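Residue numbers (our numbering): 2 to 122. All residues carry an ideal CB built from backbone N, CA and C; glycine is no exception. Since we're looking at a predicted model, the values are computed, not measured.
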Amino acid sequence: MSNTIIILLCVGLVAGFLSGLVGIGGGIIVVPVLVYLLSMDQKTAQGTAIFMFLLPIGLLSVYNYYKAGHIDFKFAAIMAITFFVGSYFGSKTAIAIDTKVVKQIFALVMILVGVKMLWNK
């Protein structure tokens, strides 16, 4: 088995576990690995990560939270509508702008969210 396949299998497992465990979009794990370990460009890494998440997050982890009674359907529906619109325009913007800028935005978002989580109770 090639190193690339092994890396992809490990990343999928870790990202899936963390996504199910703490509700993160595994993109914070997957995208950097695809870019830095597998030399994929930022835009392709983001598109690949989004495609990877369709079934696992859409079905399997949601099912477990549903069984445990941990889904607020009203909030989820409201966010889903705006997420649908936002993701469409976000992906169009990412494709249209320079890859370096996309990578900088991605890094900045990760830093800001991380700092906020560390300093809040």
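So, residue i versus residue j, is the Cβ gap smaller than 7 Å?
{"i": "V32", "j": "A50", "result": "yes"}
{"i": "D42", "j": "T100", "result": "yes"}
{"i": "Y66", "j": "I72", "result": "yes"}
{"i": "I30", "j": "A16", "result": "yes"}
{"i": "L56", "j": "I8", "result": "no"}
{"i": "V34", "j": "V12", "result": "yes"}
Taking the continuous alpha helix (DSSP H) assigned at residue i, which residues delimit it?
{"i": "L60", "result": "No alpha helix (DSSP H) contains L60, which DSSP labels as neither H nor E."}
{"i": "L39", "result": "No alpha helix (DSSP H) holds L39; DSSP gives it neither H nor E."}
{"i": "K117", "result": "100-120"}
Alpha carbon to alpha carbon, how far is residue j from residue i? Give it in angstroms, no decimals.
{"i": "F74", "j": "M2", "result": "42 Å"}
{"i": "I6", "j": "K44", "result": "20 Å"}
In three-state terms, what does DSSP make of residue i?
{"i": "I125", "result": "With the chain running from 2 to 122 in the structure shown, residue 125 is simply not present."}
{"i": "A69", "result": "coil"}
{"i": "I79", "result": "helix"}
{"i": "G27", "result": "coil"}
Can you give me the Cβ contacts of residue i inside the same chain, cut-off strictly under 6 Å, excluding the 5 residues immediately before and after it?
{"i": "S20", "result": "G27"}
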